[in-house]
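Those letters in the sequence shown? Residues 2 to 124, per my numbering, in order. We treat Cβ as the ideally placed atom computed from N, Cα and C, and that holds for glycine. First comes the structure, then the notes that go with it.
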Amino acid sequence: MTVRPNWTHTADVVVIGTGVAGLAAALAAHRAGRNVVVLSKADQAHGATATHYAQGGIAVALPENPENDDSVEAHVADTVTAGAGLCDPDAVRSIVADGYRAVCDLVGDGARFDESAPGRWAL
Numbered sequence: 002m003t004v005r006p007n008w009t010h011t012a013d014v015v016v017i018g019t020g021v022a023g024l025a026a027a028l029a030a031h032r033a034g035r036n037v038v039v040l041s042k043a044d045q046a047h048g049a050t051a052t053h054y055a056q057g058g059i060a061v062a063l064p065e066n067p068e069n070d071d072s073v074e075a076h077v078a079d080t081v082t083a084g085a086g087l088c089d090p091d092a093v094r095s096i097v098a099d100g101y102r103a104v105c106d107l108v109g110d111g112a113r114f115d116e117s118a119p120g121r122w123a124l
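Shown next, in the form of C-alpha cells:
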C-alpha cells in the first residue's frame, strides 16, 4: 500500500470502493456535475471487489416472456431463502425489481457481462 500523507484533493463526493456499486455511484455524481474522488483498497492489476470475483456473472430477473421461467417474485424468494434470515424481504424486493433496469443502464455505459449467445446474458 502506498501512503501519501501530504496528498490532498478537494472533492464534492468521495466514493469508497471500486466495485460496480461504487463506480456506478461515482459515474452518477460525475454526470450530476460533481467533482468526484474514488478510493480503492485494490491496485489496478488485482481487483479485490465482489464485482471482480463475480468474473462477469450477474443474477437478474428478466422481464417475463414465454421462454423465461424466472420472475421478480421467484428471484426474491430464492434470495431471501439463500439469505438464511439475514435479508430484509422488502429491501430484496426493491433491489430485484430494479435489477433489470440497472443492468441495462450498466450495459449502456459500456459494462460487459457473460453471454450465453450474442446479446443474451448468461444468467
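Evaluate residue i with the Cβ neighbour count: other Cβ atoms within 10 Å of its Cβ, from every protein chain shown; 16 or more gives buried, anything less gives exposed.
i, result
"residue 126", "Nothing in the structure corresponds to residue 126, since the chain is present only between 2 and 124."
"residue 108", "exposed"
"residue 10", "exposed"
"residue 123", "exposed"
"residue 27", "buried"
"residue 62", "buried"
With the cut-off set at 8 angstroms, would you say residue i and residue j are in Cβ contact?
i, j, result
"residue 37", "residue 30", "yes"
"residue 39", "residue 21", "no"
"residue 81", "residue 90", "yes"
"residue 35", "residue 14", "yes"
"residue 77", "residue 94", "yes"
Residue i and residue j look like a contact to me (Cβ under 8 angstroms); what is the Cβ gap, rounded to whole Å?
i, j, result
"residue 50", "residue 18", "7 angstroms"
Exercise for review: Tell me the start and end of each unbroken beta strand (DSSP E) in the stretch 10 to 37 that is at least 3 residues and wholly inside, in chain order.
Suggested key: Those beta strand (DSSP E) runs which fall completely within the stretch 10 to 37 and span 3+ residues are 14 to 17.
Check your understanding: Counting pairs of Cβ atoms below 8 angstroms between the stretch 64 to 80 and the stretch 103 to 120, do you hit three or more?
Key -> Output reads no: the stretch 103 to 120 does not touch the stretch 64 to 80.
Exercise for review: At 4 residues or longer, and completely inside the stretch 67 to 99: list those alpha helix (DSSP H) runs for me, N to C.
Suggested key: Segments of the alpha helix (DSSP H) lying fully in the stretch 67 to 99: 73 to 83.
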